[in-house]
Structures are given as C-alpha cells and as structure tokens.
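Chemist: The structure is given below, and queries will be raised subsequently.
Number of protein chains: 4
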Amino acid sequence: MLEGVEQIIHQTDPYQLASRKPHNENTVIKLDNLKIGGGNFTLIAGPCAVENPEQITKTAKFLKEEGINFLRAGAYKPRTSPYSFQGLGEEGLILLGRVKEETGLKIVTEALDINTMPLISEYADIIQIGTRNMQNFPLLKSAGAINKPILLKRGMTATLNELLLSAEYILKEGNPNVILCERGIRTFNDHSRTTLDLGAIPVLKEKTHLPVLVDPSHACGHSSRVPALSRAALSVGADGLLIEVHDDPASALSDGLQSLDLPEFSKLYNQIQTLAEVLQRKVN
Amino acid sequence: MLEGVEQIIHQTDPYQLASRKPHNENTVIKLDNLKIGGGNFTLIAGPCAVENPEQITKTAKFLKEEGINFLRAGAYKPRTSPYSFQGLGEEGLILLGRVKEETGLKIVTEALDINTMPLISEYADIIQIGTRNMQNFPLLKSAGAINKPILLKRGMTATLNELLLSAEYILKEGNPNVILCERGIRTFNDHSRTTLDLGAIPVLKEKTHLPVLVDPSHACGHSSRVPALSRAALSVGADGLLIEVHDDPASALSDGLQSLDLPEFSKLYNQIQTLAEVLQRKVN
Amino acid sequence: MLEGVEQIIHQTDPYQLASRKPHNENTVIKLDNLKIGGGNFTLIAGPCAVENPEQITKTAKFLKEEGINFLRAGAYKPRTSPYSFQGLGEEGLILLGRVKEETGLKIVTEALDINTMPLISEYADIIQIGTRNMQNFPLLKSAGAINKPILLKRGMTATLNELLLSAEYILKEGNPNVILCERGIRTFNDHSRTTLDLGAIPVLKEKTHLPVLVDPSHACGHSSRVPALSRAALSVGADGLLIEVHDDPASALSDGLQSLDLPEFSKLYNQIQTLAEVLQRKVN
Amino acid sequence: MLEGVEQIIHQTDPYQLASRKPHNENTVIKLDNLKIGGGNFTLIAGPCAVENPEQITKTAKFLKEEGINFLRAGAYKPRTSPYSFQGLGEEGLILLGRVKEETGLKIVTEALDINTMPLISEYADIIQIGTRNMQNFPLLKSAGAINKPILLKRGMTATLNELLLSAEYILKEGNPNVILCERGIRTFNDHSRTTLDLGAIPVLKEKTHLPVLVDPSHACGHSSRVPALSRAALSVGADGLLIEVHDDPASALSDGLQSLDLPEFSKLYNQIQTLAEVLQRKVN
Chain A
196 MLEGVEQIIH QTDPYQLASR KPHNENTVIK LDNLKIGGGN FTLIAGPCAV
246 ENPEQITKTA KFLKEEGINF LRAGAYKPRT SPYSFQGLGE EGLILLGRVK
296 EETGLKIVTE ALDINTMPLI SEYADIIQIG TRNMQNFPLL KSAGAINKPI
346 LLKRGMTATL NELLLSAEYI LKEGNPNVIL CERGIRTFND HSRTTLDLGA
396 IPVLKEKTHL PVLVDPSHAC GHSSRVPALS RAALSVGADG LLIEVHDDPA
446 SALSDGLQSL DLPEFSKLYN QIQTLAEVLQ RKVN
Chain B
196 MLEGVEQIIH QTDPYQLASR KPHNENTVIK LDNLKIGGGN FTLIAGPCAV
246 ENPEQITKTA KFLKEEGINF LRAGAYKPRT SPYSFQGLGE EGLILLGRVK
296 EETGLKIVTE ALDINTMPLI SEYADIIQIG TRNMQNFPLL KSAGAINKPI
346 LLKRGMTATL NELLLSAEYI LKEGNPNVIL CERGIRTFND HSRTTLDLGA
396 IPVLKEKTHL PVLVDPSHAC GHSSRVPALS RAALSVGADG LLIEVHDDPA
446 SALSDGLQSL DLPEFSKLYN QIQTLAEVLQ RKVN
Chain C
196 MLEGVEQIIH QTDPYQLASR KPHNENTVIK LDNLKIGGGN FTLIAGPCAV
246 ENPEQITKTA KFLKEEGINF LRAGAYKPRT SPYSFQGLGE EGLILLGRVK
296 EETGLKIVTE ALDINTMPLI SEYADIIQIG TRNMQNFPLL KSAGAINKPI
346 LLKRGMTATL NELLLSAEYI LKEGNPNVIL CERGIRTFND HSRTTLDLGA
396 IPVLKEKTHL PVLVDPSHAC GHSSRVPALS RAALSVGADG LLIEVHDDPA
446 SALSDGLQSL DLPEFSKLYN QIQTLAEVLQ RKVN
Chain D
196 MLEGVEQIIH QTDPYQLASR KPHNENTVIK LDNLKIGGGN FTLIAGPCAV
246 ENPEQITKTA KFLKEEGINF LRAGAYKPRT SPYSFQGLGE EGLILLGRVK
296 EETGLKIVTE ALDINTMPLI SEYADIIQIG TRNMQNFPLL KSAGAINKPI
346 LLKRGMTATL NELLLSAEYI LKEGNPNVIL CERGIRTFND HSRTTLDLGA
396 IPVLKEKTHL PVLVDPSHAC GHSSRVPALS RAALSVGADG LLIEVHDDPA
446 SALSDGLQSL DLPEFSKLYN QIQTLAEVLQ RKVN
C-alpha cells in the first residue's frame, strides 16, 4: 500500500521454513497416489457440516462418482452464535469414518481445540484449522505435532506475513505438510460476505513453496457466484479449491446460501476440467 | 457482509437506467467495427502517461502490430503530490491525435475537469473518469453531455451501488455508453497497492447491463502479478482489461513498477487469446 | 500497520509547506477577531443544506444566540444519487448571504467545481472541499488561488500523507489558510456510516502545523452518538468541530438522522464549554 | 454503512444475555471494594509481559504507590512469530502471585488455551481473552465455567454483534462477569498499528449492559499517542483503560514502542483524574 513497504517485508521476512528462498521446489503433499501442489489442481468438496448419515452418504457417493477424491465436512463447527448448530462432534467423526470406508474419499475436517486434535487425526486425512483460529498458537503447535497434513485458512484480517508465520508455527514443530487457503478478507464491501483476495495467490507463490488453495464459497457467500470465482482461482494460479456442496442447500443446517447443489457442482467441475487442460494443470 | 443486507440492496436499488432489471440485453458499445461488451473481450493497453513523441509512438506501433485496437495514455494526470509529473496536457492530446492518425488505434484518455472535457473529447474515442473522480458529480454530468463512451473507474472505497449511481449520473444526462472498471479497493492488505475485487464482477453482471473491465495493473502495482490477475479477470467474466505497458518501465515518469514491458505484454496477450478461446470469448 | 512503515513515512514526507518540520508554530487562521487553531476550539454548526429561508434563518438565529460564530450549510450538494436533492445552488448562496448580514455569523459552504468557486467565495468566509473531492486536483488548485480559508475534508479512504499532499496542492498555489477535517473512514464496521479515526488527530498534530477539525455527525451518522464523539474529539486534541444541527431533523432534505435538534445542540454546547475549560482550550 | 442495516441488527439481535433490552441496569463487577462499570472508571496498567522478578516488582510497586489497583501482565503470550518471546508461562504466574501478595494489586493476565485456564484462574483476579482468541469458542466456553471475571478483547476484524455473541458464549455457561474491551480494528490506515474505534463505545452502551474498556496502547502502537487517546476514551464514555507501562520501554521484550515509562504514566494518571472529575466519573 505504501511505497517501500514491500522492500521491508522482503528484508525482514521473519519466517524461515515457510520461505521460498531456501526451497527452490514447491512442496507437494502426497496422500496415496494423490498429490496437492506442484502442477496439480485439487478439488475438495462437501457440505459445511456433517448433519446426518443420509446427507453425508448421499453427498459423498455423488462426489465419488463425479471423480472427486477429497470430502470436506465439519464435525466440530465454530459458530458465531452459541445458539447455532455446533456440529455433531465425535458422532460426526464416526460418520465421516464410515463414509471414508465406503467410498475411499479422503476426509478433510476441522479441529477447534488442542484436546480433540488427536481424536480428529484418527479420522481425518487432512486437518483444517479455520480462519478464526489462524492465530490460535497452542492449536497451531498441536497441529505441528500431528502426522497429518494441515489445511491452514487465512484469517479474515491477516496479512500474508501473518499467515506464513502461523504456518511457521506448524512447520517448526516438525510437520512439513501445510496447505494454505485464501478464503476472503474483511473490507468495507457490502456485496459479499468477505472480499476474495485473489491477488494474494501470485504473491504467496513468490513468497512460499507451500500449496495454496482458494475457498470461494465462504468468501462470497452466494452459490451463484462460486463458479466464476472458482474459474478465476484456477486461472490466477491456485493449487486447488474448497467448494461447499449440499444435496439440499435450502435445508442445510449452516451456510446453505453459499452451497452448490449437486447438478451445479457437476457443471462447475466440467468447466474446471476444460479450463485446467488449457492451463496445463492436472485436476485431482 | 451482514445477513439481510443483500435483500435490502435489491429492494431499494436506487439506480434505474443502470439497472439490469428493465434491460434484458447487455449494452454493447460500438466504435466502428469494434465492440465492447456482449461476448467480446476488449484489451486496452498503453503507458500511464504520454511522455514524449518517441515513447508514445513506439508503444502505439508495437500494440498495433500485436493486434491491439485500443491505446490508453494520460495527458492530464491526477497525481497525489503537486510535485509529481502532472502530464503534458494539451500537448499530450496532440501527440495522441497524431498516433491515432498513424496507427488507427482508438484513444482512451482521462478527463480531470469540466472545462477540458470538450477539448479531450475532440481527441479521445473513449474518455476515462478516474477512481479519484468517481464521485465528482459535476464531472459526471459533463461526461453525460458528451457524445463519446465513458470509462468510469470504481472509487477505491466505493460500494457497487455507489459506482452504479455514478454511472446513473452519466446515463441520466443522455449518454448511454458507460463502461465500468474495477481497479482495486483499499483494504488492510499490505502485499499490493490495492486489493483487486474480482468478486465484484459476477455481482455487477447480476446488477447491471453495462460492460465491466478490470485494471489489474493499478490494482496490484507490480508487473509480475499482472498476468495472473489478467487471466483471472477474463475467467471471472469481465468484458476486458486495461493494461499498463511501457517500452522502458524503468524510466517511466509514473507507475513504472506496474507496467509490463513489450515482450511481457506479448506473452500475456498470447495467454489471453488461448484462454479466451476455451471460454468462448472474442478478443478485440 | 507494519513495523518500519512509520519510519519510511517520516523519511520520505513528500509534502513541504504542510510539514511540521520547518514550522515550529501552529497555523492560526484569523477571521476578524475569531481564531481557528492554536489553543482555540472552534464550533461550526448548521444544517446539511440550505433548504429554504425559514429553515436557515431560524437555525442561524438560534446558533447566534447560543454564542456560535460559524454557520455551515451547503448550497451545492454532492449527492450519491442523481435523484436526490442537489442543493439550491446560487439561490442557496444568496440566502446564506442574507443570513450572514442579519446575524454576523461566518459562513462555511462547499464548492464542487472550479467554475463556481469564484461565486462561492463572494458569499463564503470559509470554503469547504468535501471528502469526495479531496483528490480533485483541479479543484484544489483553484482553492489555492482564492483568498479565503479552505476547509479540506479527509477522503473516506485517504491516508494522512495523501490528505497532507492534497493540502500541499492548495498551499503551493499561495493560499496558506488550510484547515483539515477528519470525518470518518471506510472500514468493515457496520455499526456506523464510517469509522471516526480519532487516532489520526495526535498523528496529524505531529506531522503538520495546520488546524484539524473533526466532523462527528458525518462520521457516525446517528445524532445519539454525536455528543460522545464530540467530547472525545475535544479531548484527543482537535481544534474544533463541525456539527450538523437542524431545527426539525425529521423533515430534513438530507442527513436528518445525524442532525442534532436545537435543544440537543444546546446541551452539547454546554458540555463542550465545561470540558474545554478543564482542558484549557478557548471555545469560539 | 448501509441504510437499513442498523434496523436489521436491532431486529435480529441474536444475543440475549448480553443485550441491553431485558437488563435496565449496567453490570457492575465487584472485586473486594473495587468496582468495574457503573459510574466507575477503572485503570488497569502494567507491562505487556512478566519478564523477570525485578521488572514486575518495580512496576507493580510504582503503580501501587500511584494509587492504581489493577496490574496487567502476560505470562502466556500470543506472538505472531514462533521465534518471538512466548512469555514465562507458569513461572510468570508465580511471579504475579508474589507481586499480588506484596502489593495487594489485582492481577489481570491472559489465557491462551483451555488446559491452562484452571491454573491461570488460581493466580488471576481477571482473566483476559485476547483479540486473536475472540472467536476461539472452546476457550470462551471454558471461561464461562470459571468463577473469575473475564476481560474479552474485540477481534481486530470483529463487528460489534460478533463481539457480543462471543460474550454470550461466556455468559451462557454461567459466568455473568464479562468486561468488553475495544483495542483497535484493522483498516487501510498506515499511521498506526490499528484504528481505535471509539465510535463503538456509545454503540456498545446502547446495545449491552456489560462494562467496556479501551486499550489505546495496542490500538495505536506508539506511546506518544496514548495520552490523547486515553483522554478521548474517558470522554466518549468508556468504563476504563488498559495501559501498557514499562519501567524501561527501550529494553522491553515485547511492545516497548507502545509502553509508557513510569513518569509518563504518572502524568497521564493526573490528567485522567482531573478530566474524570468534571465528567463525574469515579476513578479506581
């Protein structure tokens, strides 16, 4: 924003393990034969929350048939109000475990505190640390001690340096598999929930070797705008997407307004595949 | 940002001529055989300012040979400091006139006040109203009385409703040819000059029938990030781009850091053409 | 926001005439026996707009009897929508001229363009340049050529350096009497129209010798919050206030929600006088 | 920010226990004979962190002699970088315990995770939940189960509704003693660390019965601006201040730039007492 600021940032980059400088090669995270980062473009899709066995099974089977490999769904939900649905907790994890067994989908789910981290890591293939916890340092440290990849979402008001220093907390504890995620920042804008900062992607690509995903669903808050932002995220150089999908958005217990329904997701997935080809990216 | 806000916006949309509602068809602006809007994707390129005959001629000829149809360059420059280069003024317009004659390029240049508006309209094919003047209402009214298309840039702190109401000032005076332009908003971000709000594009497409361009150069302030943001702008549904190009960015009198040099522009132009094809957009 | 940024600002302060450095003494602006700046605390009050003879006369006489010396009211109004009341124009100026003759109040009113500047300067004692015109550079230059003090409001998205560079445009043309005004900035906040940046006042006092007023009415947008913010502005070190007062806020043609009625203003004026005494400031 | 938004907020206020509506009287929190809220104005002062026995003892004795009743100092520090000083942990708590015994000062210190909450509550009189943890919901719930007042700082990007819903998490678990704290929000401003939102104070006073403090030290980040903002916070209606004080700011292990030294604090304390008298507030 200010002349000279950029220079200072580069001079004083306080992160080390997250830095591009000593690591010429991009970090590529491997789960069986699946890869996140490098030339790959990863689609993680699913509902905001596990709600019940039917909902999660139906969505998971649909995604599997579409060719998707990663299912996202929350068992522990960070909700602004104590009166909102807080997630199914351990019961939700158990449902995710069953769905994983049935479909082979990799599970991405969120951890909210240090005590449930070990339990979640038994069920999850990738553990998410959400935007409100980006600077929950004890949680970051506990994620650093876990043997699972961590999906770290940018705080709604975090600078990129702050995001990378939070990644550094995890890396420093010995977990090298950190995936960053841009999900919108707070601005004066009133046309969407937050403002998706796609300009952050090329900057992150200069600064760090870690993969960077984009979550257009939470950023904009309206399903009608998710496809356009998804195409833009692919084109700007992101390593993948987090997309909210629900088999019946109107009845979702949380975030229904921003969830694609199943046919909308199919359509978007086709667009992404076509666009990825011309951009020489491998969708997985 | 707030639940319910969106509804209010739609209920109370205070603009009429700019509104999507009574106009099912997109506005397509025609200059000879060139079209802006509809399925077209328009590239407007050139230096921040006309600096001297050699610079503007060299850049213009290069762009013409590349296949570009629109040249942007400022004769009257709005500069934050009174001690900065303020543009060549009328001399700059005369140089633009000569370049137009030589190359046939359409000229896009900025008007800063109501008194020079008629003079500028003699030389310009499209008159730009800059971000700092988005709510300069006398200037908007004078633009409404001119028989040339107006390129209206979004203010750095303007909501979309405010942008559309500024367009309405022009439309109401009888000039139907208004082109909107997203060029970045002010946020807490320190990684770029401003934050390019690509999420505004699908929203504007819902709200208005007017064409919407994107200016990634001013938004991010770094030439290295312009190609990625240009691809994203095309993919998100914009109707074209404003790109800063300079034959020698290091010696530019203004905005050199964000200007592509000529080979960088060629490379970007190729990428855009390839991507536009798969997105079924016609580059002009 | 970023470590080291402050230092850069100080190293590269690009304004000269506005700078504190070569001017140890505060600028004090004199209008007859009235002073703005120094140890004085100046109250400028009045309606958003001149609406009709009765309204402006009633309010002016009330303010005069209260002991107020400066009347603010717009004849030319910058309105977001072309369909909103745009002010009475020259007729409004004539009404302000009559009220000035009757009451002796000094008149503060806004100029929107370079062509009406001379006319306005015949009626106004202080000419306001509004927040939307803070970077309307031709208007700033024309204000620099006028022999009247200029009240320059900070843009809703302007940094303090940008504000001071806009002041520099006026000072550089030969008009030394510039008064700055903080009136709220655009942020993610949804509890008020804008966020009053009172922290800017001590910073401006370090950076510049020019007087700095605060406009709490436009900043917060609710009359119920104006008294608290007015007390805070006095306590934080501002040189005065711009307060919207209307004899019948519910029927105001603009900004009624944020206008104090006459008894509310009297009450606030008393609070300010008591507080100013303990802070050793002279109210005028 | 948007017309109509305010109405929606009031219609849908989703917090209940925190709401002003069913509680006509302000919550007043009592610790022995000390009171927070009501007509009282509470000063909480001390260093960012407990660094060593000499530092904390010297500062505590100084504050006690000045007449201050509340000492703030962190034992567990949330630091942006994993390479920064992280606080003395339990050793810091033990030092705070000794200082409390010697001086009788009430201790205010921060909890970062659910597991250390019980230990901290043995030493602290008031437990702080910091700005980065405002939406750490498991931490809020654990604070609701503790029998000590909770000082809840507003997140740097939180709306007032979000702040009140976080308070609601604590209240709902059975702890009625919640103190809110405004400490600056993230904006485009580059003149200070964050933008102190003093306009939030009168709004919070309309919305809730809970006491509201202001932390000008963290908000502005410069000790030279703390006195002006402290006076403004008192004048705008806050219930008290959190002030960083260090016996040797230049050698502080964290936040030295924003800490007052001991003579600066004495001077500010005198100003506050004088101003509080005319505003009919009781300093404690």
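Protein chains in written order, with the working numbering: chain A, 196 to 479; chain B, 196 to 479; chain C, 196 to 479; chain D, 196 to 479. Virtual Cβ for every residue (Gly too), placed ideally from N, Cα, C.
1) Going by C-alpha to C-alpha distance, which of D:T326, D:L307, D:C376 sits closest to G435 of chain D?
2) In three-state terms, what does DSSP make of K253 of chain B?
3) For chain A, find out if any of its Cβ atoms is closer than 7 Å to the Cβ of P371 of chain D; answer yes or no.
4) So if DSSP puts Q475 of chain A in a beta bridge, which residue, or which two residues, is it bridged to?
5) Verify whether the separation of the beta carbon atoms of P333 of chain A and D308 of chain D is less than 7 Å.
6) Run through chain A and tell me which residues come within less than 7 Å of D308 of chain D, C-beta to C-beta.
7) Just confirm the distance between the C-beta atoms of Y364 of chain D and L335 of chain D, as a whole number of angstroms; I'd bet it's less than 8 Å.
8) Any beta-carbon of chain D closer than 7 Å to the one on F383 of chain B?
9) Note down the Cα distance separating L197 of chain B from F383 of chain C, rounded to an integer number of angstroms.
10) Show which residues of chain B have a CB atom less than 8 Å away from the CB atom of K402 of chain C.
11) In its own chain, which residues sit with a C-beta less than 7 Å from the C-beta of A213 of chain C, not counting the 5 before and 5 after it?
12) Which residue comes first and which comes last in the alpha helix (DSSP H) that contains F332 of chain A?
13) Measuring straight from C-alpha to C-alpha, what distance separates I341 of chain C and D450 of chain C?
14) My parser needs the alpha helix (DSSP H) runs of 4 or more residues fully inside the region 219-281 of chain B; what are they?
15) Please check if any C-beta of chain B sits within less than 7 Å of the C-beta of L359 of chain C.
16) Tell me, please, whether the CB atom of Y318 of chain B is closer than 7 Å to any CB atom in chain C?
17) Please check if any C-beta of chain C sits within less than 7 Å of the C-beta of V431 of chain D.
18) Spatial neighbours of G369 of chain A within its chain, please: C-beta separation below 8 Å, excluding the five flanking residues on both sides.
19) Is the CB of H386 of chain B under 7 Å away from at least one CB in chain A?
20) Are N310 of chain A and K477 of chain A closer than 7 Å when you measure CB to CB?
21) Answer with yes or no whether the minimum CB distance from C415 of chain B to chain A is below 7 Å.
22) Beta carbon of V407 of chain C, beta carbon of A433 of chain C: below 7 Å?
23) Give me the DSSP bridge partner(s) of S214 of chain C.
24) Which chain B residues are close to G339 of chain A, counting only those with a beta carbon under 8 Å from its beta carbon?
25) Can you name, in chain order, every residue of its own chain whose Cβ lies under 7 Å from the Cβ of G282 of chain A, other than the five neighbours on each side?
26) Show which residues of chain B have a CB atom less than 8 Å away from the CB atom of S276 of chain C.
27) How many angstroms separate the CA atom of P422 of chain C from the CA atom of E459 of chain C?
28) Return the first residue and the last residue of the beta strand (DSSP E) that I324 of chain B is part of.
29) Taking all protein chains shown into account, do 16 or more other C-beta atoms lie within 10 angstroms of the C-beta of K400 of chain C, making it buried, or fewer, making it exposed?
30) Is there a Cβ of chain B sitting closer than 7 Å to that of P397 of chain A, yes or no?
31) My output table needs one value for D283 of chain C: the three-state DSSP class, helix, strand or coil.
32) How many angstroms separate the CA atom of D208 of chain C from the CA atom of P277 of chain B?
33) From the DSSP output, in three-state form, read off K343 of chain D for me.
34) What does A427 of chain A reach in chain B if we use C-beta pairs closer than 7 Å?
35) I'd like to know whether the C-beta of M312 of chain B is nearer than 7 Å to at least one C-beta of chain C.
Modeler: To lay it out plainly:
1) Out of D:T326, D:L307, D:C376, the CA that lies nearest to the CA of G435 of chain D is found in D:C376.
2) Helix.
3) It does not; no Cβ of chain A falls within 7 Å.
4) Note: Q475 of chain A sits in no beta bridge, so no partner.
5) Going by C-beta atoms, P333 of chain A is nearer than 7 Å to D308 of chain D.
6) Taking a Cβ-Cβ cut-off of 7 Å, the neighbours of D308 of chain D in chain A comprise I309, P333, given in sequence order.
7) About 4 Å separates the two Cβ atoms, so the contact holds.
8) Closer than 7 Å to some Cβ of chain D, the Cβ of F383 of chain B qualifies, so yes.
9) The predicted model places L197 of chain B with a pLDDT of 36, which falls under 50 and marks its position as unreliable; any figure quoted below should be read in that light. Between the alpha carbons of L197 of chain B and F383 of chain C lies a distance of about 10 Å.
10) By Cβ distance, chain B contributes nothing, its closest Cβ being about 15 Å from K402 of chain C, past 8 Å.
11) Close CB contacts of A213 of chain C within its chain, under the 7 Å cut and outside five residues either way in sequence, are with L359, A362, E363, L366, T403, L405 (chain order).
12) Element bounds for F332 of chain A: 332-339.
13) Rounded to the nearest whole angstrom, the C-alpha separation of I341 of chain C and D450 of chain C is 29 Å.
14) Listed in chain order, they are 248-261.
15) Taking Cβ atoms only, chain B never reaches closer than 7 Å to L359 of chain C, which makes this a no.
16) Not an interface residue.
17) By this cut-off, V431 of chain D is an interface position.
18) Only G339, A340 meet the Cβ criterion.
19) H386 of chain B counts as touching chain A.
20) No. Outside cutoff.
21) C415 of chain B counts as touching chain A.
22) Yes, the Cβ-Cβ distance between V407 of chain C and A433 of chain C is below 7 Å.
23) Assignment of beta-bridge partners to S214 of chain C by DSSP yields C:T403.
24) What G339 of chain A touches in chain B: nothing, since even the nearest Cβ is about 25 Å away.
25) Setting aside the 5 residues that flank it on each side, G282 of chain A is surrounded in the same chain by A244, G269, A270, Y271, K272, each with a C-beta closer than 7 Å to its C-beta; the list follows chain order.
26) Under the 8 Å cutoff, chain B gives P209, Y210, L360, E363.
27) Cα to Cα, P422 of chain C sits roughly 9 Å from E459 of chain C.
28) Residues 321-324.
29) Counting Cβ neighbours within 10 Å, K400 of chain C comes out buried, since at least 16 surround it.
30) With its beta carbon less than 7 Å from one in chain B, P397 of chain A belongs to the interface.
31) Per the sequence presented here, residue 283 of chain C reads as Leu, with Asp not at that position. Per DSSP, reduced to three states, the secondary structure at L283 of chain C is coil, with no helix or strand assignment.
32) Near 13 Å, if we compare the C-alpha coordinates of P277 of chain B and D208 of chain C.
33) K343 of chain D falls in the coil class under three-state DSSP.
34) What A427 of chain A touches in chain B, judged by beta-carbon distance under 7 Å, is L393, A427, S430, V431, going in chain order.
35) With 7 Å as the cut-off, M312 of chain B does not count as an interface residue toward chain C.
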